[in-house]
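Asks: Once you know that position 37 of the sequence shown is 37 in the UniProt record's numbering, the rest is easy, because the numbers rise by one and skip nothing.
The beta-carbon is built from N, C-alpha and C at its ideal position, and this holds for glycine as well.
As the structure is a prediction and not an experimental result, all values here were calculated from the model.
Can you keep this structure in mind? I'll have questions shortly.
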Amino acid sequence: MTGWKTCLRVELEVDAVQVDQVETRIEALGVTGWIVLSAHSGRSADGRWSRAGQVTASGRRMLVVFTITTALAETIRDALQDEMVRLNGEIVTYPVMTP
């Protein structure tokens with residue numbers, strides 16, 4: 001694994017209506033690439049939920065996923081922590097190896 005480095009994978013879970021706001025924010029903080037994934041169903045503190053029958057984006061959960069250097073991770077965490085609480089979102093990070 002010559003040339004590989006440890007980075008952090010970051011997952012931001014937010015409501016679909018908040019994705020544009022989150023994308024604008026992470027881009028301003030220096031994130032240069034990300035992917036947005038739609039959640040089909042799951043379980044939260046409020047119990048099980050599903051997208052079945054939903055016709056609007058309200059209440060639909062999304063994951064904004066990106067990989068960053070450890071140097072940028074602290075900046076991202078500090079900048080987004082309060083915002084994610086306000087948005088009823090979650091931040092999950094874990095180390096990954098990238099070339």
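Measure the Cβ-Cβ separation of L8 and V65 and say whether it is below 9 Å.
Replies: Taking the sequence shown and counting its residues from 1, one reaches residue 8 at position 8. Taking the sequence shown and counting its residues from 1, one reaches residue 65 at position 65. Going by C-beta atoms, L8 is not nearer than 9 Å to V65.
Asks: Would you report the Cα separation of R77 and E83, rounded to the nearest angstrom?
Replies: Walking along the sequence shown from the start, residue 77 turns up at place 77. Walking along the sequence shown from the start, residue 83 turns up at place 83. Whole-angstrom Cα-Cα distance: 10 Å.
Asks: Is the separation between the beta-carbon of R43 and that of W34 shorter than 9 Å?
Replies: Along the sequence shown, one-based indexing puts residue 43 at 43. Along the sequence shown, one-based indexing puts residue 34 at 34. Their beta carbons are not under 9 Å apart, which means R43 does not touch W34 by this criterion.
Asks: Just how far apart, CA to CA, sit L37 and T2?
Replies: The count along the sequence shown starts at 1 and reaches residue 37 at position 37. The count along the sequence shown starts at 1 and reaches residue 2 at position 2. Going by the C-alpha atoms only, they are around 31 Å apart.
Asks: Comparing alpha-carbon positions, which option in D15, E27, V96 lies nearest A79?
Replies: Here residue 79 refers to the residue found at position 79 of the sequence shown. Of the listed residues, the one whose Cα sits closest to A79 is E27.
Asks: Going by beta-carbon coordinates alone, are V10 and T70 separated by less than 9 Å?
Replies: In the sequence shown, counting from the first residue as 1, residue 10 sits at position 10. In the sequence shown, counting from the first residue as 1, residue 70 sits at position 70. Contact: no.
Asks: How many whole angstroms separate the CB atoms of T6 and P99, which I take to be in contact at a CB cut-off of 8 Å?
Replies: Residue numbering aside, residue 6 sits at position 6 when the sequence shown is read from its first letter. Residue numbering aside, residue 99 sits at position 99 when the sequence shown is read from its first letter. The distance from the Cβ of T6 to that of P99 is about 12 Å, inconsistent with a contact at the 8 Å cut-off.
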